[in-house]
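**Q** When we follow full-length UniProt numbering, the leftmost residue of the sequence shown carries the number 1, and every step to the right adds one. Cβ coordinates follow ideal geometry from the N, Cα and C atoms, glycine included.
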Amino acid sequence: MSEIILLSVFNSVPGRFGRWLLVPSAFILSMAMFGASPANAQAIGLGLAQANSCVACHTIEKKRVGPAFKAIADRFAGKPGAQDYLAQSIRSGGGNRWGAVPMPAQPQVTEEEAQALAAWILSLADNESKPSSP
Ligand code: HEC
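(1) For Gly81, count the other beta carbons within 10 Å of its own beta carbon; 16 or more makes it buried, fewer makes it exposed. Which is it?
(2) Figure out for me which residue from Ala51, Ser37, Ala87 has the closest Cα to the Cα of Glu112.
(3) Using the C-alpha atoms, what's the distance from Ala73 back to Leu122?
(4) Whose C-alpha, out of Gln42, Ala43, Arg64, Cys54, is nearest the C-alpha of Arg91?
(5) I want to check one thing, is the minimum distance from the CB of Ser92 to the heavy atoms of the ligand HEC below 7 Å?
(6) The alpha helix (DSSP H) with Leu122 in it runs from where to where?
(7) Asp126: which of Thr59, Asp84, Phe69, Ala105 sits nearest, CA to CA?
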């Protein structure tokens, strides 16, 4: 649980510059200090989503401005290339896949963070362990 405390400390640093500087370091630090076990990957994923303001438009369970992360996971989990596709999609934004409202590009998210976010979102799928259906 200490990684959650660590992440909330980092996330509470105000301002854009603070985020730019601290989010990647928090991420790398957490990986280094706690390892990449599934429980820690969950905390890191959520921390990144909070630090990058994804949670202004997304929640895990319910549609908000954007689709629920769980709904995205259920659509893409088990598909080949899903993580790369979503990582790319997170950074470039786009529209017309879930509804009329487009998602703005998120250039503040690094490639590494986008991959971690995509992996985290995919891990939320209910059907993750089942074989993929065509
Ligand atoms: C201003 C609101 C907003 C913010 C901030 C936002 N999103 Fe989105 N997101 C959306 C909307 C709206 C859609 C649906 C777009 C569509 O219909 O194609 C979406 C779609 C997505 C998708 C699905 C893309 C696809 O190809 O199906 C992912 C994954 C996603 N968002 C992740 C994120 C992550 C991670 C962040 C933070 C870095 C984030 N979003 C920040 C509004 C937002």
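**A** Considering the structure as presented:
(1) With fewer than 16 Cβ atoms within 10 Å of its Cβ, Gly81 is classed as exposed.
(2) Of Ala51, Ser37, Ala87, the smallest CA-CA separation from Glu112 is found for Ala87.
(3) C-alpha separation (whole angstroms): 4 Å.
(4) Selection Gln42, Ala43, Arg64, Cys54 evaluated against Arg91 yields Cys54 as nearest (Cα-Cα).
(5) Checking the 7 Å criterion, the Cβ of Ser92 is out of range of every heavy atom belonging to the ligand HEC.
(6) Bounds of the alpha helix (DSSP H) holding Leu122 are 111-123.
(7) Here the closest residue by C-alpha is Phe69.
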